[in-house]
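A.B. asks:
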Amino acid sequence: MTRRRLLPALAACTLTSRLSVRSAPLNPADWIFLDNGQIKLGVKKTSGAGIAWLSASGAAENLLDHYDHGRLIQQSYYGKDDGSKWVDKPWRWNPVQGGDYKGHASEVLALTSDKTTLHARIRPRNWAGGQLLADCEMEQRIRLDGKLAIVTFRFRYSGTDTHPAHQHEVPATFLHPSLTTLVHYDGDKPWTGAALTRSVPGWPNESRHIPEGWAAYVNDKDTGVGVFAPIAKDLTCYRFGASPTALSACSYFAPLVKFPITPGLDFSYGIALATGTPADMRTAFAALKDKLPAKLPAPAAR
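First residue of the sequence shown: 39, per this note's numbering; consecutive thereafter.
(1) What does the alpha-carbon distance come out to for the pair Ala336 and Ala97?
(2) Rounding to the nearest angstrom, what Cα-Cα distance links Gly80 and Trp69 in this structure?
(3) Only counting the same chain, and skipping five residues up and downstream in sequence, which positions put a Cβ closer than 6 Å to that of Asp260?
(4) For Gln169, does the count of other Cβ atoms within 10 angstroms reach 16, so buried, or fall short, so exposed?
(5) Would you say Ser114 and Val146 are within 8 Å of each other, going by their C-beta atoms?
(6) Any idea if Asn132 is buried or exposed, counting beta-carbon neighbours within 10 angstroms, 16 or more meaning buried?
(7) Grab the span of the alpha helix (DSSP H) containing Ala324 for me, first residue to last.
(8) Using DSSP with H/G/I as helix, E/B as strand and the rest coil, what is Pro66?
(9) Following the continuous beta strand (DSSP E) through Ala254, name the residue where it begins and the one where it ends.
(10) Just confirm the distance between the C-beta atoms of Val263 and Leu101, as a whole number of angstroms; I'd bet it's less than 8 Å.
(11) Short check: CB of His222 to CB of Leu186, under 8 Å?
(12) For Thr190 and Pro331, which I take to be in contact (beta-carbon distance under 8 Å), what is that distance rounded to the nearest angstrom?
(13) On the criterion of 16 or more Cβ atoms from any shown chain inside 10 Å, does Leu334 qualify as buried, or is it exposed?
(14) Quick one: Cα of Thr84 to Cα of Lys227, how far?
(15) Within the continuous beta strand (DSSP E) that includes Arg109, where are the two ends?
Following this line, the structure appears as structure tokens:
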């Protein structure tokens, strides 16, 4: 199964007739918001505490996409073929923080927060199979720091099956479809201020190289959202929808790493989220390039 075919699941481009959540009023019971006076971040309790809102403090427009349980900023991992199907497409074991493609949420085991920090533990669901995965647990720690959100993700696997090496999304990232242009650096001189690359990805998945470990989508005013995942040097991405106003339109990317999921796995990594211009985001990320957890799991003993 190719990567191009594998990753559209987390697009969760469920073509339904319901109103877009982008224009529907938010239910306060579903959300927890952090706000430090510079940025505002929201997690959706009914979607596995996935990150579902990011904006400047006081802004009315959400820059993220939370159309369904697949569209968030969230953890997602892949394993062996398990006989499941995403609608009619053969799928594989795929623990997802938000929930499954049929709309069943993952289980939030614990959730605590104050004005600028949040900690959550989550029992993920299998994206296509739908079952809660008792042998998996996800953890998420968020801290607002000036104009940045610093996030540490953790995935623990207590099962007995060994899952072969696959690419994992670190993390899956869905942004408002008005952010149409992907910006990243793909040269051989990272962190030297060399020119950035801009493109509008198509559908389905396309690949990019990200030597600086970050990418952003921006709008026609050159502002948007960036994700810095220093553990990753490659990216998958796409844009779905004939126009940014289409009901199911989305802008997606995911930094990628590859490793097997083996019994006893305990994997953590850090990211930073930022808003603004690519130049501003790049400067902020450069200051963090040696400060975020970015270690792949050690190879299993033979």
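Where is the CB? At the ideal position from N, CA and C, for every residue including glycine. Computed from a predicted structure; not experimentally measured.
C.D. replies: Taking the coordinates as given:
(1) As a working mapping, residue 336 is identified with position 298 in the sequence shown. As a working mapping, residue 97 is identified with position 59 in the sequence shown. C-alpha separation (whole angstroms): 42 Å.
(2) Translated into the one-based positions of the sequence shown, residue 80 becomes position 42. Translated into the one-based positions of the sequence shown, residue 69 becomes position 31. Cα-Cα distance, rounded: 6 Å.
(3) Residue 260 sits at position 222 when you count from the first residue of the sequence shown. So the list reads Thr315, once near-sequence residues are dropped.
(4) In the sequence shown, residue 169 corresponds to position 131, counting from 1. The residue is exposed, with fewer than 16 neighbouring Cβ atoms inside 10 Å.
(5) By 1-based counting over the sequence shown, the position of residue 114 is 76. By 1-based counting over the sequence shown, the position of residue 146 is 108. No, they are not a contact pair.
(6) Counting from 1 along the sequence shown, the entry for residue 132 is found at position 94. Buried: at least 16 other Cβ atoms inside 10 Å.
(7) Residue numbering aside, residue 324 sits at position 286 when the sequence shown is read from its first letter. Counting along the chain, the alpha helix (DSSP H) containing Ala324 begins and ends at Pro316 to Ala324.
(8) In the sequence shown, the residue the question calls residue 66 occupies position 28. Three-state DSSP puts Pro66 in a helix.
(9) Reading the sequence shown from its first residue, position 216 is the one you call residue 254. Looking at the DSSP string, the run of the beta strand (DSSP E) that includes Ala254 is Trp252 to Val256.
(10) By one-based count along the sequence shown, residue 263 stands at place 225. By one-based count along the sequence shown, residue 101 stands at place 63. So it is a contact: roughly 5 Å between Cβ atoms.
(11) Here residue 222 corresponds to residue number 184 of the sequence shown, with the count starting at 1. Here residue 186 corresponds to residue number 148 of the sequence shown, with the count starting at 1. No, they are not a contact pair.
(12) Numbered from 1 along the sequence shown, position 152 holds the residue referred to as residue 190. Numbered from 1 along the sequence shown, position 293 holds the residue referred to as residue 331. About 6 Å; that satisfies the 8 Å criterion.
(13) The residue you call residue 334 lines up with position 296 of the sequence shown. Counting Cβ neighbours within 10 Å, Leu334 comes out exposed, since fewer than 16 surround it.
(14) Position 46 of the sequence shown, counting from 1, holds the residue named residue 84. Position 189 of the sequence shown, counting from 1, holds the residue named residue 227. So the alpha carbons of these two residues sit roughly 42 Å apart.
(15) For the purposes of this step, residue 109 is taken as the residue at position 71 of the sequence shown. Neither: Arg109 is in no beta strand (DSSP E) and is coded neither H nor E.
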